[in-house]
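Please read the structure below before turning to the comments.
Residue numbers (our numbering): 298 to 362.
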């Protein structure tokens, strides 16, 4: 009938293996994501699989490896 064009927002606590995978899958599906991780004590929004401060996240990912 009617198509719902509403963007859904999800909150995810923790960016471990599960949290990170969940956030990326939801973002790829078009959802807006608010992620909070205790290790970094910050939150950020993922939109369409990209965060607003992507460069900072890439640096942190490299430090974890």
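By construction, the Cβ of each residue, glycine as well, lies at the ideal position given by its N, Cα and C atoms.
Endpoints, alpha helix (DSSP H) assigned at residue 316: Counting along the chain, the alpha helix (DSSP H) containing residue 316 begins and ends at 314 to 325.
Residue 320 versus residue 306: straight-line alpha-carbon distance, rounded: Going by the C-alpha atoms only, they are around 11 Å apart.
Range covered by the beta strand (DSSP E) that runs through residue 306: Going by DSSP, residue 306 is part of the beta strand (DSSP E) stretching over 306 to 310.
When burial is assigned at 16 or more other CB atoms within 10 Å of the CB, is residue 324 buried or exposed? Its Cβ being crowded by 16 or more others within 10 Å, residue 324 is buried.
Using a 10 Å radius around the Cβ and a threshold of 16 neighbouring Cβ atoms, would you call residue 304 buried or exposed? Counting C-beta atoms within 10 angstroms of its own C-beta, residue 304 has fewer than 16 neighbours from the protein chains shown and is therefore classed as exposed.
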